[in-house]
Amino acid sequence: MSLLDELVADLRIGPFDLLRIISTAPARYKQYTIPKRTGGVRTIAQPSRELKALQRYVLQTKLSQFPIHEAATGYVKNRNILFNAEQHKRNRVIMKLDFTEFFPSIKVRDWNLFVSRRRPPFIELRDIGLYRNILFWGQRSSTPQCLSIGAPTSPALSNILLYDLDIRLSRAANAVRVVYTRYADDITVSGASIEAVRRFEDQLTQILARMKSPLLRLNDDKRGIYLRGQRRMVTGLIITPVGSVSIGRERKRLLSSMMHKAFLGESDGQQMNHLKGMLGFCLGNEPEFVSRLRVKYGDDVVDRVLQFTPVPRRVIGR
Numbered sequence: 009m010s011l012l013d014e015l016v017a018d019l020r021i022g023p024f025d026l027l028r029i030i031s032t033a034p035a036r037y038k039q040y041t042i043p044k045r046t047g048g049v050r051t052i053a054q055p056s057r058e059l060k061a062l063q064r065y066v067l068q069t070k071l072s073q074f075p076i077h078e079a080a081t082g083y084v085k086n087r088n089i090l091f092n093a094e095q096h097k098r099n100r101v102i103m104k105l106d107f108t109e110f111f112p113s114i115k116v117r118d119w120n121l122f123v124s125r126r127r128p129p130f131i132e133l134r135d136i137g138l139y140r141n142i143l144f145w146g147q148r149s150s151t152p153q154c155l156s157i158g159a160p161t162s163p164a165l166s167n168i169l170l171y172d173l174d175i176r177l178s179r180a181a182n183a184v185r186v187v188y189t190r191y192a193d194d195i196t197v198s199g200a201s202i203e204a205v206r207r208f209e210d211q212l213t214q215i216l217a218r219m220k221s222p223l224l225r226l227n228d229d230k231r232g233i234y235l236r237g238q239r240r241m242v243t244g245l246i247i248t249p250v251g252s253v254s255i256g257r258e259r260k261r262l263l264s265s266m267m268h269k270a271f272l273g274e275s276d277g278q279q280m281n282h283l284k285g286m287l288g289f290c291l292g293n294e295p296e297f298v299s300r301l302r303v304k305y306g307d308d309v310v311d312r313v314l315q316f317t318p319v320p321r322r323v324i325g326r
């Protein structure tokens, strides 16, 4: 069955209407910018509701069948930022590297080349044009160009198209006895010595220089080497000098302060919602600290925060 027939059957949209959506899919994005923590802005391209439904179908039925390398820790089932950080917690030296303009660097030609080489049995080559339009953003045009930050398929597709790179970098890491992981565009390397991680970096640079697809570049501004005793942050979590993974002192101080306000009944709805999110983050990455908060403030206070439901804002005159 062709992809078009599958989509018609699953989404219950007529073939004429479906082809109209797909033909203009690369232009069906809402574009906006958000500030980066390090300065500048990041462009988000959010697919329309109709396009997002198509992308989710492709994600669940097609992209999910491709292999993902074990070094890829982002947007993969049973892998997360904690899993990523734990791969490095026993090593003394950590190197952080980052790809520049990661999603926009992955082009439609990279997908074409990948499919033509792999010939996956669950993707018909006659449908390749449909996949291009559904998966790739047109950057304000109807011609598919690149992956977007905001599409549900972009993270999975980036892991798929970087599978061969992850294989080569994992082999290079094993050869010099370091650990390599990649969380989307965020690369972490750790080992026993600075010399070892630098040898891996040399291999990485050579591999990227020879690689034809995708064409990726490192962001030199985000390169860093951190030793035990320094603040070693990996995908937003702190690796302590004793080799444990923590949410960090700053977050703990903020959490304690916000919990104290909630205990006194001084938190408004917005603050309670923020606190609920932070507690959820802590439960997923350092649940022991939530246990300490329960001892200090009581189970009823912590549970009240976790079960908090924001009250809809009342509209005057209604």
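For the sequence shown, the working numbering begins at 9 and goes up steadily by one. Positions of the beta carbon are idealized from the N, C-alpha and C atoms, including for glycine. All values reported here derive from a predicted model rather than from experimental measurement.
Inset, instruction - State yes or no: is the C-beta of LYS304 nearer than 7 Å to some heavy atom of the ligand MN? - result: You won't find the ligand MN in this model; it holds no ligand whatsoever.
Inset, instruction - Spell out the partners DSSP gives GLY199 in its beta bridges. - result: VAL101
Legend entry - ILE324, buried or exposed, once every other Cβ within 10 Å from all chains shown has been counted against 16: Low confidence applies to ILE324: its pLDDT is 38, below 50, so where it sits in the model is not reliable, and the reading given next is rough at best. Burial call: exposed.
Legend entry - Simplified DSSP assignment, three categories, for LEU314: helix
Legend entry - Three or more C-beta pairs below 8 Å linking the stretch 128-138 and the stretch 44-59: no
Inset, instruction - Could you check which residue in ILE215, LEU262 and ARG98 has the C-alpha nearest to that of SER201? - result: ARG98
Legend entry - Nonlocal neighbours in the same chain, by C-beta distance under 8 Å from LEU138, ignoring five residues either side: LEU11, LEU12 and ILE30
Inset, instruction - Grab the span of the beta strand (DSSP E) containing GLN39 for me, first residue to last. - result: 37-43
Legend entry - Element boundaries [alpha helix (DSSP H), containing THR189]: Note, THR189: premise wrong, no alpha helix (DSSP H); beta strand (DSSP E) at 187-191.
Legend entry - the stretch 155-165 in contact with the stretch 58-73 per 3-pair CB rule at 8 Å: yes
Inset, instruction - Between the Cα of ALA108 and those of ALA192, ASN86, SER254 and ILE76, spot the shortest distance and give me the residue it belongs to. - result: Rather than Ala, the amino acid found at residue 108 in this sequence is Thr. Nearest C-alpha to THR108: ALA192.
Legend entry - Exposure of TYR8, with buried meaning 16 or more beta-carbon neighbours within 10 Å: In this structure the chain extends from 9 to 326, so residue 8 is not present and cannot be described.
Inset, instruction - Measure the Cβ-Cβ separation of LEU245 and ILE233 and say whether it is below 8 Å. - result: no
Legend entry - Beta-carbon proximity check, VAL313 vs LEU283, cutoff 8 Å: yes
Inset, instruction - Figure out for me which residue from LEU71, ILE215, LYS220 and GLU209 has the closest Cα to the Cα of PRO128. - result: LEU71
Legend entry - Cβ shell of ARG117 (< 8 Å), same chain only, five flanking positions each side left out: SER221
Inset, instruction - Look up ALA53 in the DSSP assignment and give the residues it is bridged to. - result: GLN39
Legend entry - Counterpart residues of CYS290 in DSSP-defined beta bridges: None; CYS290 has no bridge partner.
Inset, instruction - Tell me, please, whether the CB atom of ARG231 is closer than 8 Å to any CB atom in chain C? - result: In summary, chain C is missing from the structure at hand, where a single protein chain is found.
Inset, instruction - Quick one: residues in its chain with C-beta nearer than 8 Å to the C-beta of ARG231, no 5 flanking neighbours on either side, listed in chain order? - result: MET103, LYS104, LEU105 and ASP106
Inset, instruction - Assign TYR234 to one of three DSSP states: helix, strand, or coil. - result: strand
Inset, instruction - Could you check the C-alpha separation between SER299 and ALA181 for me, to the nearest Å? - result: 38 Å
Legend entry - Burial state of LEU272 (16 or more Cβ within 10 Å): exposed
Inset, instruction - Taking 8 Å as the cut-off, decide whether the C-beta atoms of VAL101 and VAL205 are in contact. - result: yes
Legend entry - Inter-stretch contact (C-beta, 8 Å, three-pair minimum) for the stretch 142-149 and the stretch 77-96: no
Legend entry - Cα-Cα separation between PHE90 and ARG28, rounded to whole angstroms: The identity of residue 90 in the sequence shown is Leu, whereas the question assumes Phe. Roughly 42 Å between the two C-alpha positions.
Inset, instruction - Jot down the residue ranges of each uninterrupted alpha helix (DSSP H) in the stretch 60-104, minimum 4 residues, whole runs only, in chain order. - result: 89-94
Inset, instruction - Please name the residue, chosen from HIS77, MET267 and THR151, that lies closest to ARG176 on a Cα-to-Cα basis. - result: HIS77
Inset, instruction - Measure how close the beta-carbons of THR32 and SER150 come, nearest whole angstrom, since I'm counting them as under 8 Å. - result: 5 Å
Legend entry - Endpoints, beta strand (DSSP E) assigned at ILE246: 245-247
Legend entry - Element boundaries [beta strand (DSSP E), containing VAL242]: 240-242
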